[in-house]
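Letter by letter, the sequence shown follows residues 0 to 279 of numbering that gives the first Met the number 0. Glycine is no exception: its CB is placed at the ideal position from the N, C-alpha and C atoms.
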Amino acid sequence: MRIIETAEAAHHHSRARATQAVLVPTMGALHRGHAELIRVAHERAGVDGEVVVSIFVNPLQFEPGSDFDKYPRPQEADEQICRAAGVDLLFRPRANEMYFDDGSVFVEETKLSRGLCGASRPGHFRGVCTVVTKLFHLLAPDTAVFGEKDFQQLAIMRRIVRDLNFSIEIVGVPTVRESDGLALSSRNRYLDESGRAEATILSRALEQAKELVARGECSAARLIASAVEMIASAKSSRVDYIGIVDGETLEPTEVVRPDARMLLAVFIGTTRLIDNIRLA
Ligand code: AMP
0 MRIIETAEAA HHHSRARATQ AVLVPTMGAL HRGHAELIRV AHERAGVDGE VVVSIFVNPL
60 QFEPGSDFDK YPRPQEADEQ ICRAAGVDLL FRPRANEMYF DDGSVFVEET KLSRGLCGAS
120 RPGHFRGVCT VVTKLFHLLA PDTAVFGEKD FQQLAIMRRI VRDLNFSIEI VGVPTVRESD
180 GLALSSRNRY LDESGRAEAT ILSRALEQAK ELVARGECSA ARLIASAVEM IASAKSSRVD
240 YIGIVDGETL EPTEVVRPDA RMLLAVFIGT TRLIDNIRLA
């Protein structure tokens, strides 16, 4: 596995590349969810293609007062996971490689980013869109793989590629879960034992909503009310948002239609977790 830590070397490498490349952008603290993205990347790249993983805890996407400083950065373990997963190139830039002190150009998506996580985390998606655009330029992938776990992010990535004419295929990968339903996340390691037990409330609320839809419920308001009630039963929980939206436009829907998705963000103690499910 080759490791590149500078923007210049990344540019140089991707300009000289003759094969297909598949990129998996991450912030590290790699887990089985990331490993699944890497597996899908290999599938897409084929035997001759290059699987590229980027690890960068992007300061621009952390709003003030969030967990940028305490975000886990297990560099050695991440490197080993990438080696074991057969990653060809690990791009691991330092922050000063990615941004200029007086940088003044940003990438902003203005519709899909407005609600849900965008409303709770001002500036977050501007940071994500900017860094991913830079990674696309530096690493020149043919395909980029993202998890459905961050469903709003995935929809926004498709929109960036469409609106900015990147010739990159965006591939979405279903959420990888623990056996009790909790979506894998680097932030799960912030949870203590009781928080970890209570965190299953997110996936349980989503499963309940899906079941209600299967039984004929189609009012978004009633489905959201049931989810709020269920989440309230976990005593250290606090709902940040629950939305039912169209899976492509992320526009809120009053009535559940095919492709509708429930997305939610819930604090368990001080840890904010997100999850989502396709309802119909
Ligand atoms: P992160 O390192 O949390 O920024 O995530 C990097 C990529 O991994 C994103 O595309 C995420 O959506 C994806 N990802 C994170 N957790 C999971 C999971 N449990 N299942 C599938 N993909 C995931």
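Checklist entry - Can the beta-carbon of Ile273 be found closer than 8 Å to that of Ser235? => result In the sequence shown, counting from the first residue as 1, residue 273 sits at position 274. In the sequence shown, counting from the first residue as 1, residue 235 sits at position 236. Cβ distance not < 8 Å, so Ile273 and Ser235 don't count as in contact.
Checklist entry - Based on the DSSP secondary-structure assignment, which residues constitute the bridge partners of Ile37? => result Against the sequence shown, residue 37 aligns to sequence position 38. The partner list for Ile37 (beta bridge, DSSP) is empty, contrary to what the question assumes.
Checklist entry - Excluding sequence positions up to five away, which residues of its chain have a Cβ less than 6 Å from the Cβ of Glu168? => result Walking along the sequence shown from the start, residue 168 turns up at place 169. Same-chain partners within the cutoff: Thr142.
Checklist entry - Excluding the five sequence neighbours on either side, which residues of its own chain have a C-beta within less than 6 Å of the C-beta of Leu29, listed in chain order? => result Translated into positions along the sequence shown, residue 29 becomes position 30. Once the five neighbours on either side are set aside, the close Cβ partners of Leu29 are Asp77, Ile80.
Next on the checklist: Tell me the rounded alpha-carbon separation between Glu253 and Cys217.
Outcome noted: As a working mapping, residue 253 is identified with position 254 in the sequence shown. As a working mapping, residue 217 is identified with position 218 in the sequence shown. Glu253 and Cys217: Cα-Cα distance of roughly 8 Å.
Item to check | the ligand AMP heavy atom lying under 7 Å from the CB of Met0 | outcome: As a working note, residue 0 is residue 1 in the sequence shown. Checking the Cβ of Met0 against the ligand AMP gives no.
Checklist entry - Around the Cβ of Lys110, are there at least 16 other Cβ atoms within 10 angstroms (buried) or fewer (exposed)? => result Position 111 of the sequence shown, counted from the start, is the residue given in the question as residue 110. Its Cβ having fewer than 16 others within 10 Å, Lys110 is exposed.
Next on the checklist: I'd like to confirm something about Met26: is its beta-carbon nearer than 7 Å to some heavy atom of the ligand AMP, or not?
Outcome noted: Translated into positions along the sequence shown, residue 26 becomes position 27. Under cutoff, so the answer is yes.
Checklist entry - Could you check where the beta strand (DSSP E) with Arg1 kicks off and where it finishes? => result Locating residue 1 in the sequence shown gives position 2, counting from the first residue. Counting along the chain, the beta strand (DSSP E) containing Arg1 begins and ends at 1 to 3.
Next on the checklist: If contact is defined by three or more beta carbon pairs under 8 Å, each pair taking one atom from either stretch, is the stretch 85 to 97 in contact with the stretch 49 to 58?
Outcome noted: yes
Checklist entry - Touch check for the stretch 244 to 260 and the stretch 180 to 187: three-plus C-beta pairs under 8 Å? => result no
Checklist entry - Going by DSSP, which residues form a beta bridge with Gly242? => result Along the sequence shown, one-based indexing puts residue 242 at 243. According to DSSP, which records beta bridges pairwise, Gly242 is partnered with Leu262.
Checklist entry - Which residues bound the beta strand (DSSP E) around Arg271? => result Working through the sequence shown from its first residue, we reach residue 271 at position 272. Looking at the DSSP string, the run of the beta strand (DSSP E) that includes Arg271 is 270 to 277.
Checklist entry - If you count every other CB in all the chains shown that lies within 10 Å of the CB of Asn275, and 16 or more means buried, which is it? => result Along the sequence shown, read from residue 1 onward, the residue named residue 275 stands at position 276. The residue is buried, with at least 16 neighbouring Cβ atoms inside 10 Å.
Item to check | When Asn164, Glu206, Gln151, Gly171 are compared against Ala285, the one with the closest alpha-carbon | outcome: Beyond the ends of the chain as shown, which are 0 and 279, falls residue 285; an answer cannot be given.
Checklist entry - For Ser193, which residues of its own chain have a beta-carbon under 8 Å away from its beta-carbon, when the five flanking residues on both sides are left out? => result Translated into positions along the sequence shown, residue 193 becomes position 194. Cβ within range, chain order: Ser235.
Checklist entry - Closest by CA to Thr174, which one among Pro63, Ala20, Arg157, Leu153? => result Within the sequence shown, numbered from 1, the residue matching residue 174 stands at position 175. Minimum Cα distance to Thr174 is reached at Leu153.
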